[in-house]
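**Student:**
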Amino acid sequence: MSNDASRILTQLREDHRNMMLLLEMIETEANRLYRDEAVDLDLAHDIMIYMTTYPDAVHHPKEDRLYAELKAARPDLSQGMSKISAEHRSIAEKGLELRNSIEQVVVGQAERPNAVVANALRYVDALRSHMHWEEHDLFRRVELMIRDGHDVLDKAVFVQAPDPVFGPRAEQVFARLFDRIKKAR
Ligand SMILES: [Fe+2]
Ligand SMILES: [Fe+2]
0 MSNDASRILT QLREDHRNMM LLLEMIETEA NRLYRDEAVD LDLAHDIMIY
50 MTTYPDAVHH PKEDRLYAEL KAARPDLSQG MSKISAEHRS IAEKGLELRN
100 SIEQVVVGQA ERPNAVVANA LRYVDALRSH MHWEEHDLFR RVELMIRDGH
150 DVLDKAVFVQ APDPVFGPRA EQVFARLFDR IKKAR
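Mind the numbering: the sequence shown is residues 0 to 184 in numbering that gives the first Met the number 0, read in order.
1) Work out the CA separation of Asn-30 and Leu-137 for me, nearest whole Å.
2) Restricting to Cα atoms, I'd like to know which of Leu-143, Pro-163, Met-19, Arg-175 is closest to His-129.
3) Which runs of the beta strand (DSSP E) fall wholly inside the stretch 0-24 and span at least 3 residues, in chain order?
4) At which residues does the alpha helix (DSSP H) containing Met-130 begin and terminate?
5) Mind listing, in chain order, the residues whose beta carbon lies closer than 6 angstroms to a non-hydrogen atom of ligand 1?
6) Look at the alpha carbon of Ala-169 and the alpha carbon of Pro-54, and state the distance between them as a whole number of angstroms.
7) Decide if Asp-14 is buried, meaning its Cβ has at least 16 other Cβ atoms within 10 Å, or exposed.
8) Determine which residues share a DSSP beta bridge with Val-151 and list them.
9) Any chance the stretch 103-112 sits against the stretch 64-80, with 3 or more Cβ pairs inside 8 angstroms?
10) Under 7 angstroms, do Lys-82 and Ala-125 count as touching if we go by C-beta distance?
11) So that I know if they touch, is there some Cβ in chain D lying closer than 7 angstroms to that of Val-151?
12) Comparing C-alpha positions only, which one of Leu-21, Leu-95, Arg-127, Glu-62 sits nearest to Val-158?
13) If you measure between the beta carbons of Met-47 and Arg-98, is that distance less than 7 angstroms?
14) So is Ser-89 buried or exposed if we call it buried at 16+ other beta carbons inside 10 Å?
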């Protein structure tokens, strides 16, 4: 796959749109759980398996690499962006925690469902504001780097893996989630 930064940016923005949709779905289920209404925990769990499988393992490492390129090529533009890796680690930790706490509810071992609600809303807020920051700051700086002629990143090795839900072929393990997304659109 081509290593040009503009293509990577296009993919990252598409990932963000997909994640935004999934976060809305998680938020809806968390609010239902809070109000003691019927909750689709399998859906919430499927989403968290996806979040900890693709965004944490492919999307965020790609951004870390892009930031490293920006820092190397345009240190003037990379000022103040170093929090990115710490945010990715924190999002991955929160994601795993949420995934585990949903599993506890599924098997009926959760002591306080509201702790799951709080975990879910914290996760949604953290990831939304992280993506907002990337879109409105980091990605714009990368665009400046591209505009100034640094687009082809010859030596950069990006983690490449197809999106198992939104990619060219949905993986079998995500078939149920894929169907729900089709209906939600
Ligand atoms: Fe990110
Ligand atoms: Fe991102």
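Virtual Cβ for every residue (Gly too), placed ideally from N, Cα, C.
**Tutor:** So, to answer that:
1) 31 angstroms
2) Met-19
3) none
4) 112-132
5) His-59, Glu-62, His-87, His-129, Glu-133
6) So the two alpha carbons sit approximately 15 angstroms from each other.
7) buried
8) Asp-3
9) Segment contact: the stretch 103-112 against the stretch 64-80, fewer than three CB-CB distances shorter than 8 angstroms; contact not assigned.
10) no
11) Among the chains of the structure shown, chain D does not appear; only one protein chain is present.
12) Glu-62
13) yes
14) exposed
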